[in-house]
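Everything below concerns the one structure shown next.
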Amino acid sequence: MFGLSLFNSEKYITGGYTPYLTFNVLVQSNIFSVHQYKREYPDRREVREKVWKLHKEGWGYTKIHRYLKNNKFEIGNSRTTVDSMIKKMSTT
Numbered sequence: 000m001f002g003l004s005l006f007n008s009e010k011y012i013t014g015g016y017t018p019y020l021t022f023n024v025l026v027q028s029n030i031f032s033v034h035q036y037k038r039e040y041p042d043r044r045e046v047r048e049k050v051w052k053l054h055k056e057g058w059g060y061t062k063i064h065r066y067l068k069n070n071k072f073e074i075g076n077s078r079t080t081v082d083s084m085i086k087k088m089s090t091t
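Note that numbering that gives the first Met the number 0 gives residue 74 to position 75 of the sequence shown, counting from 1, and the numbers run on in steps of one.
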């Protein structure tokens with residue numbers, strides 16, 4: 000069968016050894032961390048609808064971002080923010 004060198008063992012008070020196995024398990028998951036792009040913010044509905052409308056009209060994300068900033072919409076400073084929004088809306 001197996002040699003005793005494969006097992007860890009623990010000595011009882013009676014003097015005998017009982018073999019046992021140990022396992023090291025590493026579990027990584029992002030299920031417990033909610034990603035910001037998976038959340039729905041009701042107060043952002045107006046921005047999302049405007050982005051989607053302009054995207055459907057054929058506007059690029061840089062032009063959409065410039066339009067939103069000039070019209071005082073609350074949007075991030077990076078134009079790729081709009082690109083990320085469009086990608087998220089396209090997959091849902």
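All residues carry an ideal CB built from backbone N, CA and C; glycine is no exception.
What you are looking at is a predicted structure, and each value in this text was computed from that prediction instead of being measured.
* So what does DSSP say about residue 40, is it helix, strand or coil? -> DSSP places residue 40 in the coil class of the three-state scheme, outside both helix and strand.
* Distance, residue 90 Cα to residue 76 Cα -> Distance between residue 76 and residue 90, taken at the CA atoms: about 24 Å.
* Roughly how many angstroms separate the alpha carbons of residue 80 and residue 74, rounded to a whole number? -> Cα-Cα distance, rounded: 8 Å.
* Asked: Can you name, in chain order, every residue of its own chain whose Cβ lies under 6 Å from the Cβ of residue 88, other than the five neighbours on each side?
  -> Excluding positions up to five away in sequence, the list reads 51.
* To do: Assuming residue 64 contacts residue 47 (C-beta within less than 8 Å), just tell me the rounded distance between them.
  => Their Cβ separation, rounded to whole angstroms, is 14 Å, which puts residue 64 and residue 47 out of contact at 8 Å.
* residue 49 to residue 60, Cα distance in whole Å? -> If you draw a straight line from the Cα of residue 49 to the Cα of residue 60, it is about 12 Å long.
* Apart from the five residues on each side of it in sequence, which residues of its chain come closer than 6 Å, Cβ to Cβ, to residue 53? -> Once the five neighbours on either side are set aside, the close Cβ partners of residue 53 are 63.
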